[in-house]
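Everything below concerns the one structure shown next.
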Amino acid sequence: NAGVTQTPKFRVLKTGQSMTLLCAQDMNHEYMYWYRQDPGMGLRLIHYSVGEGTTAKGEVPDGYNVSRLKKQNFLLGLESAAPSQTSVYFCASSYRDVNSPLHFGNGTRLTVT
Amino acid sequence: QLLEQSPQFLSIQEGENLTVYCNSSSVFSSLQWYRQEPGEGPVLLIALYKAGELTSNGRLTAQFGITRKDSFLNISASIPSDVGIYFCAGQGLDKSGAQKLVFGQGTRLTINP
């Protein structure tokens, strides 16, 4: 039971560098999400997707882009990393809509220096 | 939409009971409680869908307020494996009218032997 798998687990970037975080789910879920977690801030939604080929902005989308070319994968890109993007990033998926429970990956810890 | 959790930090003795509260000025159609253990993603504990609903899951009990603006999570006879961060998450409409899941800022629980 893989569930939701995120790669990489850790990454250090210099300001201005780019990278892509990969999320893969094997539960045939329609909805996928990217959150960031910062101390005392809870989980804030960056972008989400309600199905293959669709994406939408969440609460804090600036500086990030996403793609959902395949139903099982959801990619989060940082084109030009900034120190403010230092955070732990979580991918999640759900069966049908936000009333359905979210299944989270184990996170990617990103540090931007 | 804003979900306020209290307390933000909770330190108790093993065997004690505890309650975490979640409040908002907004109405939610559903409310979920998650626990996050160190180094992992949040995991669903209890989901509430009906106003006034009281649901139990082993030593955990949660209730959705009559007004759908608040909830509590109670854990009885705490054990060391209960440590972690507890989040409430409510589903409602954002400014654009889209349904979104909003997370509280979390309650960090530590248990002393």
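If you're matching them up, the sequences are chains Z and S in order.
Letter by letter, the first sequence follows residues 333 to 445 in my numbering.
Letter by letter, the second sequence follows residues 4 to 116 in my numbering.
Beta carbons are placed, not taken as given, at the ideal position from N, Cα and C, and that holds for glycine.
Subject >> 8 Å CB neighbourhood of K402 (chain Z) in its chain, flanking five on each side removed >> reply: Counting from one through the first sequence, the residue named residue 402 (chain Z) turns up at place 70. Non-local C-beta neighbours of K402 (chain Z) in its own chain, meaning closer than 8 Å and more than five positions away in sequence, comprise E384, ordered along the chain.
**OP:** With a floor of 3 residues, list each beta strand (DSSP E) that falls wholly inside the stretch 351 to 428 of chain Z, ordered by position along the chain.
**Re:** For the stretch 351 to 428 of chain Z, whole beta strand (DSSP E) runs of length 3 or above, ordered along the chain, are 351 to 357, 363 to 370, 374 to 381, 397 to 399, 405 to 410, 419 to 426.
**OP:** Going by CA-CA distance only, name the one from Z:Q349, Z:Y427, Z:S432, Z:V420 that's closest to T440 (chain Z).
**Re:** Here the question's residue 440 (chain Z) lines up with position 108 in the first sequence. Nearest in C-alpha terms to T440 (chain Z), of all of Z:Q349, Z:Y427, Z:S432, Z:V420, is Z:V420.
Original post:
Cα-Cα, which of S:G107, S:P41, S:T58, S:G18 is closest to S28 (chain S)?
Top reply: Taking the second sequence and counting its residues from 1, the one referred to as residue 28 (chain S) is at position 25. Taking only the C-alpha atoms, the option nearest S28 (chain S) is S:G107.
Original post:
With a cut-off of 8 Å, does the C-beta of A406 (chain Z) fall near any C-beta of chain S?
Top reply: Here residue 406 (chain Z) refers to the residue found at position 74 of the first sequence. One point to set straight first is that residue 406 (chain Z) is Phe, not Ala, in the sequence displayed. No, F406 (chain Z) does not count as interfacial toward chain S.
**OP:** Compare the C-beta of A50 (chain S) against all C-beta atoms of chain Z and say whether one is closer than 8 Å.
**Re:** Here residue 50 (chain S) refers to the residue found at position 47 of the second sequence. Look at A50 (chain S): its C-beta is under 8 Å from a C-beta on chain Z.
Original post:
Nearest CA to the CA of N20 (chain S): which residue from S:I49, S:K53, S:I82, S:V30?
Top reply: Taking the first residue of the second sequence as position 1, residue 20 (chain S) is located at position 17. S:I82 is the residue among S:I49, S:K53, S:I82, S:V30 whose C-alpha sits nearest the C-alpha of N20 (chain S).
**OP:** Can you give me, in chain order, the residues of the stretch 397 to 426 of chain Z that have a beta carbon less than 9 Å from any beta carbon in chain S?
**Re:** When C-beta distances to chain S are compared with 9 Å, the residues of the stretch 397 to 426 of chain Z below that value are F422, C423, A424, S426, in chain order.
Original post:
Would you call the CB atoms of L434 (chain Z) and M351 (chain Z) closer than 8 Å?
Top reply: On the first sequence, residue 434 (chain Z) is found 102 positions in, with the first residue counted as 1. On the first sequence, residue 351 (chain Z) is found 19 positions in, with the first residue counted as 1. No, the Cβ-Cβ distance between L434 (chain Z) and M351 (chain Z) is not below 8 Å.
**OP:** Go ahead and label A334 (chain Z) buried or exposed: buried means 16 or more other beta carbons lie within 10 angstroms of its beta carbon, across all protein chains shown.
**Re:** Mapped onto the first sequence, residue 334 (chain Z) falls at position 2. So A334 (chain Z) ends up on the exposed side.
Subject >> Through-space distance from W366 (chain Z) to Y380 (chain Z), alpha-carbon basis >> reply: Translated into the one-based positions of the first sequence, residue 380 (chain Z) becomes position 48. Translated into the one-based positions of the first sequence, residue 366 (chain Z) becomes position 34. Roughly 6 Å separates the two Cα atoms.
**OP:** Would you please verify whether the beta carbon of Q108 (chain S) is less than 8 Å from any beta carbon of chain Z?
**Re:** By 1-based counting over the second sequence, the position of residue 108 (chain S) is 105. Yes, Q108 (chain S) counts as interfacial toward chain Z.
Subject >> Selection of the stretch 371 to 394 of chain Z by Cβ proximity to chain S, strictly under 8 Å >> reply: Cβ contacts with chain S come from G372, M373, G374, L375, R376, L377, A388, G390, E391.
Original post:
Quick one: complete beta strand (DSSP E) runs, 3+ long, within the stretch 28 to 71 of chain S?
Top reply: 33 to 39, 46 to 51, 57 to 60, 63 to 67, all fully within the stretch 28 to 71 of chain S.
Subject >> Selected residue, minimal CA-CA separation from M373 (chain Z), among S:I88, S:L63, S:A101 >> reply: Taking the first residue of the first sequence as 1, we reach residue 373 (chain Z) at position 41. M373 (chain Z) has its Cα closest to that of S:I88, out of S:I88, S:L63, S:A101.
**OP:** Can you grab the Cα-Cα spacing for the pair E7 (chain S) / A424 (chain Z), in whole Å?
**Re:** Against the second sequence, residue 7 (chain S) aligns to sequence position 4. Against the first sequence, residue 424 (chain Z) aligns to sequence position 92. In this structure, the CA atom of E7 (chain S) is about 22 Å from the CA atom of A424 (chain Z).
Original post:
Listing by chain order, which chain Z residues have their CB less than 7 Å from the CB of E43 (chain S)?
Top reply: Residue mapping note: residue 43 (chain S) aligns to position 40 of the second sequence, counting from 1. Neighbours of E43 (chain S) on chain Z, chain order: N438.
Original post:
Tell me which same chain residues have a C-beta within less than 7 Å of the C-beta of G18 (chain S), skipping the five on either side of it?
Top reply: Here residue 18 (chain S) refers to the residue found at position 15 when the second sequence is read from its first residue. So the qualifying residues of the chain are A80, S81.
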